[in-house]
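Asker:
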Amino acid sequence: QVQLVESGGGLVQAGGSLRLSCAASGTIFRIITMGWYRQAPGKQRELVATITSSGTTNYADSMKGRFTISRDNAKNTVYLQMNSLKPEDTAVYYCNGRLITGLDSWGKGTLVTVSS
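Each number in my numbering comes from the position in the sequence shown (counting from 1) with 19 added on.
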């Protein structure tokens, strides 16, 4: 099994920055891609960014240029650096691990609140 634990969420003013972390444990060799998704109140969960084991990244269009995903394989940790935050970035951010089986593993989420 794979366990994912997010941290780093909190309250920030518009224009500010936060860095989220996601630590993976368990059978991590089964993870082929890791990513961040978010879910705002009353909305569906949406993609933020993904990163493969080789470092290839993918971003949702609205996050390009403001968010950066990275990973430290030695620490089994994925990061999401979020800059120029906007109130509409307020959401619960979830860490995702896509396994070689095709199934997904999810963290419990971390809340990011951006005040105007």
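In this text, a Cβ means the ideal position worked out from N, Cα and C, and glycines have one as well. All figures in this text were calculated on a predicted structure; none of them were measured in a lab.
I believe Thr129 touches Leu39 by the beta-carbon criterion, under 8 Å. Please report the beta-carbon distance rounded to the nearest angstrom.
Answerer: 6 Å
Asker: Please return the same chain residues whose Cβ sits closer than 6 Å to the Cβ of Arg85, not counting the five positions on each side in sequence.
Answerer: Short of 6 Å from the beta carbon of Arg85, and not among the five residues preceding or following it, lie these beta carbons of its own chain, in chain order: Asn102 and Ser103.
Asker: In this structure, does DSSP put Ile47 in helix, strand or coil?
Answerer: Ile47: helix per DSSP, three-state reduction.
Asker: Quick one: using the 10 Å Cβ neighbour count with 16 as the cut-off for buried, is Ala68 buried or exposed?
Answerer: buried
Asker: CB-CB under 7 Å to Thr109, same chain, minus the five flanking residues each way: which ones, in chain order?
Answerer: Ala59, Val131, Thr132 and Val133
Asker: What three-state label does DSSP hand Ser81 in the structure shown?
Answerer: helix
Asker: Of all the options Val31, Arg90 and Arg57, which has the alpha carbon lying nearest to the alpha carbon of Cys41?
Answerer: Arg90
Asker: Relative to the C-alpha of Arg64, which candidate in Asn77, Leu122 and Trp55 has its C-alpha closest?
Answerer: When Asn77, Leu122 and Trp55 are compared, the shortest CA-CA separation from Arg64 is found for Trp55.
Asker: Quick one: residues in its chain with C-beta nearer than 8 Å to the C-beta of Gly74, no 5 flanking neighbours on either side, listed in chain order?
Answerer: Cβ-Cβ distances below 8 Å link Gly74 to Arg90 in the same chain, with the five nearest sequence neighbours on each side left out; the list follows chain order.
Asker: Taking 8 Å as the threshold (C-beta atoms), are Tyr113 and Arg57 in contact?
Answerer: yes
Asker: When burial is assigned at 16 or more other CB atoms within 10 Å of the CB, is Ser124 buried or exposed?
Answerer: buried
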